[in-house]
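Q: I have a structure I would like to understand better, so I am pasting it below and will then ask my questions one at a time.
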Amino acid sequence: MTVLPHVSTIRDMLSPFFPAGGFMYIEIPFNFGSKRGIRKYQKDAECLLLSLKGEEFVHVVVAITNHIDNHSGDLFLSADTRGEVFAASVDEFLDTLWSPLETILAGAVLYLFTCGSVVRQTESHQGLLQSLSRYGLFFAVAFDAVRLQPNLTSMFLVSLTKSFIIEGFSFREAIVHSLSLSGQLGGHSNVLIIGLARDGHRIKVNVTKYSWAQLDTRPWGQDLPLQCPQCGTPLPWARAKQGESYVFEYRFLSCGWDAKKRTRMRPPFRFTISRPNNIKMLPLGKKTGAGWLKILVGTHHFTFMEGTAVLEEDVEMDG
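Position one of the sequence shown corresponds to residue 725 (the numbering used here), numbered consecutively onward.
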């Protein structure tokens, strides 16, 4: 829970709406690379809870900024004096981070500023869902860009926060409204929304992905190659529509041509991108040849047993 411009921008937007008080912004740095660092964090968290005793909040938003191991999806703990970096699994890291603050996390919203491996890697993704279920958060917003640039998320998250905290939209309504203003973000990253609902000891977790689609660069939310995989030439693709699919062909005359044998060895490179299943084009923010796609990724059911969320059922969909 550290402050960076993408977080302080949200703070600066919210604070003027509370001239008479009622808004609190709190930073808690963490360094989990040593027992001393963990003890310091636990002490800081304890002091925070004491300062909040008796306070009641309508909304709690938690923002986490951290680095990640792109191969494993593990979250960084710290670096030693030699610069060697230590990381831990997502559920282990979040348990260390959240267990001292458990009493204020129920019903909170999480903004997760890490690179996309946390949701791309199966084990880390499951660890995230399990931790969200364990601590009773309401929604989480994550991004799947391989190298996330958090500043590109600012416009989207400022609008999202204002929409559901100040303007009274439901969180899902606020998502759609804010995405309609954030086409630039879509060129950088997909947006994943994790929604949780608890019924007794069972927690239902729905994961929805929002992907920006643009006919010339991201048909059906899939990036086109910047150059031909066959001949390596960087020229525009020729596009033709076939039903719900798009066929792309390279029109470079020498594509597939063998200069030594002076003959064509292969036809010009072409491929097809078909409409994925379980998608819906959002009407808000739709432009000519571009717009946001809503993709249902999966539904997960956890059972809450003795303080632990255990995966009971896992239904994955396309996306």
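Where a beta carbon is used, it is the ideal one built from N, C-alpha and C, also for glycine.
Enumerated in chain order, which unbroken segments of the alpha helix (DSSP H) with a length of 4 residues or greater are wholly contained in the region 820–894?
A: Fully enclosed alpha helix (DSSP H) runs of 4 or longer: 826–829, 841–844, 846–858, 878–885.
Q: Hey, how far is the Cα of W961 from the Cα of E973?
A: If you take the alpha carbons of W961 and E973, they lie about 6 Å apart.
Q: Within a Cβ cutoff of 8 Å, which residues of the same chain sit near P824, ignoring the five residues on either side of it in sequence?
A: If we look at P824 and ignore the five residues flanking it on each side, its Cβ neighbours are Y765, Q766, A769, E770, L773.
Q: So, is Y749 buried or exposed, given that buried needs 16 or more other C-beta atoms within 10 angstroms?
A: Y749 comes out exposed.
Q: Nearest to L861 by CA position, among G840, A787, A744, is which residue?
A: The option with the nearest alpha carbon to L861 is A787.
Q: Does R963 come out as helix, strand or coil in the three-state DSSP assignment?
A: DSSP places R963 in strand when its eight states are reduced to three.
Q: What beta strand (DSSP E) runs, 3 residues minimum, are completely inside the region 918–959?
A: Here the runs fully enclosed are 926–938.
Q: Let me check understanding here. Comparing Cα to Cα, which of E847, V843, E780, L799 lies closest to A832?
A: The residue with the shortest Cα to Cα distance from A832 is E780.
Q: Starting from E973, follow its DSSP beta bridges and name the residues at the other end.
A: Answer by DSSP bridge pairing, in chain order: A962, R994.
Q: Comparing C-alpha positions only, which one of S848, A1014, N1001, L1008 sits nearest to V1021?
A: The option with the nearest alpha carbon to V1021 is N1001.
Q: With 16 other CB atoms within 10 Å as the buried threshold, where does F676 fall?
A: An answer regarding residue 676 cannot be provided, because it is not within the stretch 725 to 1043 covered by the chain.
Q: Could you tell me which residues DSSP puts in a beta bridge with G746?
A: Note: G746 sits in no beta bridge, so no partner.
Q: Should the region 892–903 be called in touch with the region 985–993, which here means at least 3 C-beta pairs below 8 Å?
A: They do not touch, by the three-pair rule.
Q: Taking three-plus beta-carbon pairs below 8 Å as touching, is the region 833–851 in contact with the region 789–804?
A: These segments touch.
Q: For G945, is the classification buried or exposed, using 16 other Cβ atoms within 10 angstroms of its Cβ as the cut-off for buried?
A: So G945 ends up on the buried side.
Q: State yes or no: is the C-beta of V931 within less than 9 Å of the C-beta of H1025?
A: In this structure, H1025 does not lie closer than 9 Å to V931 by Cβ.
Q: Return the CA-CA distance between I997 and G980, expressed in angstroms with no decimal places.
A: Cα-Cα distance, rounded: 21 Å.
Q: Between the alpha carbons of F880 and S796, how many angstroms are there, rounded?
A: Using only the alpha carbons, I get a separation of about 28 Å.
Q: Could you tell me if S855 is buried or exposed, where buried requires 16 or more neighbouring beta carbons within 10 angstroms of its beta carbon?
A: Buried is the call here.
Q: Check whether the Cβ atoms of L834 and F867 lie closer than 9 Å to each other.
A: No, these two residues do not count as a Cβ contact at 9 Å.
Q: Quick one, which of R926, Y934, G911, L920 has its alpha-carbon nearest D940's?
A: If we check each option's Cα against that of D940, G911 comes out closest.
Q: Assuming S857 and I927 are in contact, meaning their beta carbons sit under 8 Å apart, how far apart are those beta carbons, in whole angstroms?
A: With a Cβ gap of about 4 Å, S857 and I927 count as contacting.
Q: Where does T1012 land, buried or exposed, given buried means 16+ other C-beta within 10 angstroms?
A: Counting Cβ neighbours within 10 Å, T1012 comes out exposed, since fewer than 16 surround it.
Q: What are the boundary residues of the alpha helix (DSSP H) that M989 is part of?
A: Looking at the DSSP string, M989 is not in any alpha helix (DSSP H), and its letter there is neither H nor E.
Q: Which value, in whole angstroms, describes the spacing of the CA atoms of S894 and S978?
A: Cα-Cα distance, rounded: 55 Å.
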